[in-house]
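Peer 1:
Number of protein chains: 2
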Amino acid sequence: MENKSVPKATLQRYPIYLKALRQLKSLGIERVMSSELSDYVQIKSTTIRRDLSFLGTLGKQGFGYEVDDLIEIFNEKLGVDFDEKIILLGAGNLGQALMNYNRWSYIVGEIVCAFDIDEKKVNRDYSIPVYPLDELEERIPEGCRIAILTVSKDVQKTVNRLAKLGIRGIVDFTHEHIIVPKDVTVKAVDVVSAIQELVFETNAINE
Amino acid sequence: MENKSVPKATLQRYPIYLKALRQLKSLGIERVMSSELSDYVQIKSTTIRRDLSFLGTLGKQGFGYEVDDLIEIFNEKLGVDFDEKIILLGAGNLGQALMNYNRWSYIVGEIVCAFDIDEKKVNRDYSIPVYPLDELEERIPEGCRIAILTVSKDVQKTVNRLAKLGIRGIVDFTHEHIIVPKDVTVKAVDVVSAIQELVFETNAINE
DNA sequence: ATAAATTAATTAAATAATTCACAAATTAAG
DNA sequence: CTTAATTTGTGAATTATTTAATTAATTTAT
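From first to last, the protein sequence lines stand for chains A and B. Under our numbering, the residues of the first sequence are numbered 86 to 292, in order. Under our numbering, the residues of the second sequence are numbered 86 to 292, in order.
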């Protein structure tokens with residue numbers, strides 16, 4: 086399965102597959118055919134097969150896919166359990182919710198520590214310690230590539246610091262538009278945009 | 086400009102433009118050229134022009150676009166300020182964070198009320214009242230089309246109830262895969278998937 | 001006024017993504 | 001063991017999206 090670079094669109098579907106597969110596994114389902122998976126995730130079976138083919142020859146003809154195999158491959162090839170060291174910027178309500186989600190390590194890595202500008206949020210004794218934002222440069226863990234951004238003030242300033250520290254990917258929960266260097270990727274995780282998309286889809290077009 | 090249906094990819098970029106335009110406006114910028122906007126949002130100017138052209142003939146050749154005009158058009162044509170009545174399912178940390186975000190009405194509509202299964206979270210006196218999940222069917226506002234899902238238990242069961250109540254779009258913050266009828270749209274707003282995509286993008290492919 | 005410069009809109013070309021269609025592999029049944 | 005029924009994987013065809021090239025409108029400077 087040679088280096089045909091994986092289409093961007095495919096990359097966006099992998100998390101959907103992975104989520105669905107984990108759910109199937111938790112239901113005790115051990116094998117799945119592309120057509121079944123298709124019903125489940127609402128993506129054409131042929132698209133699914135093509136998407137999976139980028140990761141290798143994973144299925145058996147006349148049989149389907151082993152659920153475990155697929156999950157395994159996602160982990161292996163895509164580094165899902167590569168133990169990412171993630172940092173969290175902003176420890177407000179949303180930051181708390183993220184820290185409370187207790188299956189990080191199972192899924193993609195772990196939030197190693199958090200930073201907040203508000204002294205009252207600081208607590209060095211939590212299992213996920215919260216440091217003052219000032220200490221970002223000294224506290225950032227070795228090899229940290231990914232940051233989750235939930236701050237509400239000085240957003241762009243914080244982004245600039247992160248970029249300088251070698252962060253490669255930012256999960257952006259702010260409601261602002263941020264600007265990053267070319268080698269940094271941003272994934273906006275934004276309710277407002279999501280709702281807008283929903284509204285656009287239902288309202289637009291049919292005039 | 087007629088009814089050429091707007092590409093899905095374009096629809097996904099509209100919220101980005103809108104966010105950027107609002108930011109520009111708040112900086113006092115009144116007109117913008119596609120090339121400037123391009124630098125700002127990192128999308129090719131020609132793509133931007135094409136995207137905007139689906140909404141009408143909005144720019145002036147040799148001049149650019151009026152920021153206000155564009156914002157206006159987004160509002161008008163895409164119903165951004167159509168005053169959506171949004172409901173929130175789950176009033177935990179994340180739900181709280183969403184309710185605290187105080188610019189809903191400016192942006193897309195408003196969260197009218199919330200529901201939670203936990204009696205302790207219930208409070209009918211908040212400006213956004215929180216009702217017991219039991220009361221969903223009786224309390225859901227007239228004409229409500231959009232629900233934000235932050236519950237952690239009985240996710241699918243809740244989804245089924247929402248679908249039955251005529252909800253057209255679900256913003257899904259859960260970490261589970263949910264199944265909906267064909268006429269309901271789901272936007273997954275999911276840190277985990279976002280991080281996975283980031284990791285996939287950086288790890289995948291170049292083996 | 002007029003010409004030069006600028007910039008959106010549009011048509012055409014190139015790329016990317018999806019879907020079709022079928023060969024190859026596998027299972028299951030007889 | 002052989003055959004029929006499945007179901008994957010993949011070239012080829014199709015469709016969708018992006019980008020380039022061109023055209024037309026507007027502004028600015030002279």
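Even glycine gets a Cβ: it sits at the ideal position worked out from N, Cα and C.
Exposed or buried, residue 86 (chain A), counting other C-beta atoms within 10 Å across all chains shown (16 or more means buried)?
Peer 2: Within the first sequence, numbered from 1, the residue matching residue 86 (chain A) stands at position 1. With a pLDDT of 38 at residue 86 (chain A), under the threshold of 50, the modelled position of that residue is not reliable, and no figure is offered here.
Peer 1: Whose Cβ in chain B lies nearer than 7 Å to the Cβ of residue 285 (chain A)?
Peer 2: As a first step, residue 285 (chain A) must be located in the first sequence, where it is residue number 200. Ordered by position in chain B, the residues that pass the 7 Å Cβ test against residue 285 (chain A) are 96, 99, 163.
Peer 1: For residue 272 (chain A), go through chain B and note every residue whose CB falls closer than 7 Å to its CB, in chain order.
Peer 2: Locating residue 272 (chain A) in the first sequence gives position 187, counting from the first residue. 279, 282, 283, listed in chain order.
Peer 1: Measure the CB-CB distance between residue 218 (chain B) and residue 243 (chain B) and report whether it falls below 9 Å.
Peer 2: Position 133 of the second sequence, counted from the first residue, corresponds to residue 218 (chain B). Position 158 of the second sequence, counted from the first residue, corresponds to residue 243 (chain B). Yes, Cβ-Cβ distance for residue 218 (chain B) and residue 243 (chain B) is below 9 Å.
Peer 1: Note down, in chain order, each residue of its chain lying with its Cβ closer than 8 Å to the Cβ of residue 232 (chain A), except the 5 sequence neighbours on either side.
Peer 2: Against the first sequence, residue 232 (chain A) aligns to sequence position 147. Correct list, in chain order: 171, 172, 173, 174, 247, 252, 254, 255, 256.
Peer 1: How far does the beta strand (DSSP E) with residue 145 (chain B) in it reach, from first residue to last?
Peer 2: By 1-based counting over the second sequence, the position of residue 145 (chain B) is 60. No beta strand (DSSP E) holds residue 145 (chain B); DSSP gives it neither H nor E.
Peer 1: What are the boundary residues of the beta strand (DSSP E) that includes residue 248 (chain A)?
Peer 2: For the purposes of this step, residue 248 (chain A) is taken as the residue at position 163 of the first sequence. Here residue 248 (chain A) belongs to no beta strand (DSSP E); instead the alpha helix (DSSP H) covers 240-249.
Peer 1: Just the C-alpha distance for residue 139 (chain B) and residue 240 (chain A), rounded to the nearest angstrom, thanks.
Peer 2: Your numbering for residue 139 (chain B) matches position 54 in the second sequence. Your numbering for residue 240 (chain A) matches position 155 in the first sequence. Using only the alpha carbons, I get a separation of about 32 Å.
Peer 1: Does the distance from the C-beta atom of residue 153 (chain A) to that of residue 195 (chain A) stay below 9 Å?
Peer 2: Indexing the first sequence from 1 puts residue 153 (chain A) at position 68. Indexing the first sequence from 1 puts residue 195 (chain A) at position 110. No, the Cβ-Cβ distance between residue 153 (chain A) and residue 195 (chain A) is not below 9 Å.
Peer 1: Using 9 Å as the limit for Cβ to Cβ distance, is residue 108 (chain B) near chain A?
Peer 2: One-based indexing of the second sequence puts residue 108 (chain B) at position 23. Cβ-Cβ to chain A under 9 Å: yes for residue 108 (chain B).
Peer 1: Could you compute how far the alpha carbon of residue 108 (chain B) sits from the alpha carbon of residue 262 (chain A)?
Peer 2: Numbered from 1 along the second sequence, position 23 holds the residue referred to as residue 108 (chain B). Numbered from 1 along the first sequence, position 177 holds the residue referred to as residue 262 (chain A). Cα-Cα distance, rounded: 7 Å.
Peer 1: Run through DSSP, which three-state label would residue 264 (chain B) get?
Peer 2: One-based indexing of the second sequence puts residue 264 (chain B) at position 179. Looking at residue 264 (chain B) - three-state DSSP - the assignment turns out to be coil, as it is neither helix nor strand.
Peer 1: Can residue 128 (chain B) be considered in contact with the ligand ATP, in the sense that its beta carbon sits closer than 8 Å to one or more heavy atoms?
Peer 2: Here there are no bound small molecules, and the ligand ATP is not part of this structure.
Peer 1: Quick one, are the C-beta atoms of residue 149 (chain A) and residue 169 (chain A) less than 9 Å apart?
Peer 2: Along the first sequence, read from residue 1 onward, the residue named residue 149 (chain A) stands at position 64. Along the first sequence, read from residue 1 onward, the residue named residue 169 (chain A) stands at position 84. Contact flag unset, no.
Peer 1: Tell me which residues share the same chain as residue 117 (chain A) and place their Cβ nearer than 7 Å to its Cβ, disregarding the 5 neighbours each side in the sequence.
Peer 2: Stepping through the first sequence from its first residue, residue 117 (chain A) is reached at position 32. Closer than 7 Å at the Cβ level, and outside the excluded window around residue 117 (chain A), lie 109, 149, 150, 152.
Peer 1: Does the beta carbon of residue 105 (chain A) sit closer than 9 Å to a beta carbon anywhere in chain B?
Peer 2: Position 20 of the first sequence, counting from 1, holds the residue named residue 105 (chain A). Judged by the 9 Å Cβ criterion, residue 105 (chain A) is in contact with chain B.
Peer 1: Let me know if residue 176 (chain B) comes out buried or exposed under the rule of 16 or more other beta-carbons within 10 Å of its beta-carbon.
Peer 2: Within the second sequence, numbered from 1, the residue matching residue 176 (chain B) stands at position 91. With 16 or more other Cβ atoms within 10 Å, it is buried.
Peer 1: Taking residue 123 (chain A) as the reference, which of A:202, A:137, A:92 has the closest Cα?
Peer 2: Sequence index remark: in the first sequence, residue 123 (chain A) carries index 38 (1-based). Nearest C-alpha to residue 123 (chain A): A:137.
Peer 1: In the DSSP output, what is residue 170 (chain B) paired with across the bridge?
Peer 2: In the second sequence, counting from the first residue as 1, residue 170 (chain B) sits at position 85. Paired residue(s): B:195.
Peer 1: So what's residue 217 (chain A) in DSSP terms, helix, strand or just coil?
Peer 2: Mapped onto the first sequence, residue 217 (chain A) falls at position 132. Strand.
Peer 1: Are the beta-carbon atoms belonging to residue 180 (chain B) and residue 235 (chain B) less than 9 Å from one another?
Peer 2: Along the second sequence, one-based indexing puts residue 180 (chain B) at 95. Along the second sequence, one-based indexing puts residue 235 (chain B) at 150. Yes, the pair counts as a contact, with Cβ atoms nearer than the cut-off.
Peer 1: Chain A partners of residue 261 (chain B), CB-CB under 8 Å?
Peer 2: Counting from 1 along the second sequence, the entry for residue 261 (chain B) is found at position 176. Here the neighbours are 104, 108.
Peer 1: Alpha carbon to alpha carbon, what distance is there between residue 182 (chain A) and residue 205 (chain B)?
Peer 2: Along the second sequence, one-based indexing puts residue 205 (chain B) at 120. Along the first sequence, one-based indexing puts residue 182 (chain A) at 97. Rounded to the nearest angstrom, the two C-alpha atoms are 18 Å apart.
Peer 1: Residue 245 (chain B) versus chain A: which residues are under 7 Å apart at the beta carbon?
Peer 2: In the second sequence, residue 245 (chain B) corresponds to position 160, counting from 1. Residues of chain A passing the Cβ test: none, with the nearest at roughly 16 Å.
Peer 1: Applying the criterion that 16 or more other CB atoms from any shown protein chain within 10 Å of the CB defines a buried residue, is residue 99 (chain A) buried or exposed?
Peer 2: By 1-based counting over the first sequence, the position of residue 99 (chain A) is 14. Its Cβ being crowded by 16 or more others within 10 Å, residue 99 (chain A) is buried.
Peer 1: Quick check: residue 159 (chain A) and residue 106 (chain A), are their CB atoms within less than 9 Å of each other?
Peer 2: Here residue 159 (chain A) corresponds to residue number 74 of the first sequence, with the count starting at 1. Here residue 106 (chain A) corresponds to residue number 21 of the first sequence, with the count starting at 1. Yes, these two residues count as a Cβ contact at 9 Å.
Peer 1: From what residue to what residue does the beta strand (DSSP E) around residue 154 (chain B) run?
Peer 2: Position 69 of the second sequence, counted from the first residue, corresponds to residue 154 (chain B). It is not in any beta strand (DSSP E) - residue 154 (chain B) instead sits in the alpha helix (DSSP H) that spans 152-163.
Peer 1: Using a Cβ-Cβ cut-off of less than 8 Å, give me the residues of the segment 171-185 of chain A that come near chain B, in sequence order.
Peer 2: Those would be 171, 177, 178, 179, 181, 182, 183, 185, in chain order.
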